[in-house]
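Asks: Residue numbering for the sequence shown follows the working numbering, beginning at 1141 and increasing consecutively.
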Amino acid sequence: MKTIKIMEGSRGGEVRCLACFMRFWPRKGTERAKCPGCGVEWKISWSYPRTAKIRGSGWETYPTGDKI
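Here it is as structure tokens:
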């Protein structure tokens, strides 16, 4: 079954940032994680213990670049 194969792989818990496409591993069980590459925060869900998915962005912490 494909689900079992994903859970057994070496990339368990890994997600890909939808802003810069960098792969990173959020802390297991966390609901939000920041991409180490671009700093965008993402909402994370865990469908299986080792399978993380990005469910949306944390727009309230999105880097806008307008620092005065």
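The beta-carbon is built from N, C-alpha and C at its ideal position, and this holds for glycine as well. All values reported here derive from a predicted model rather than from experimental measurement.
Run through the DSSP bridge pairs and tell me what Gly1196 is partnered with.
Replies: Start at 1 with the first residue of the sequence shown, and residue 1196 comes out as number 56. Lys1183, per the DSSP bridge assignment.
Asks: Going by DSSP in three states, Arg1156 sits in which element: helix, strand or coil?
Replies: Here residue 1156 is taken as the residue at index 16 of the sequence shown, counted from 1. Of the three classes helix, strand and coil, the one that applies to Arg1156 here is strand, per DSSP.
Asks: If we ignore side chains and look at the alpha-carbon of each, how far apart do Trp1165 and Val1155 end up?
Replies: As a working mapping, residue 1165 is identified with position 25 in the sequence shown. As a working mapping, residue 1155 is identified with position 15 in the sequence shown. Cα to Cα, the separation comes out at about 6 Å.
Asks: When you compare only the Cα positions, how much space is there between Pro1189 and Arg1167?
Replies: For the purposes of this step, residue 1189 is taken as residue 49 along the sequence shown, with counting starting at 1. For the purposes of this step, residue 1167 is taken as residue 27 along the sequence shown, with counting starting at 1. C-alpha separation (whole angstroms): 12 Å.
Asks: Buried or exposed: Trp1182, going by 16 or more other Cβ atoms within 10 Å of its Cβ?
Replies: The residue given as residue 1182 occupies position 42 in the sequence shown. When all chains shown are included, Trp1182 counts as buried.
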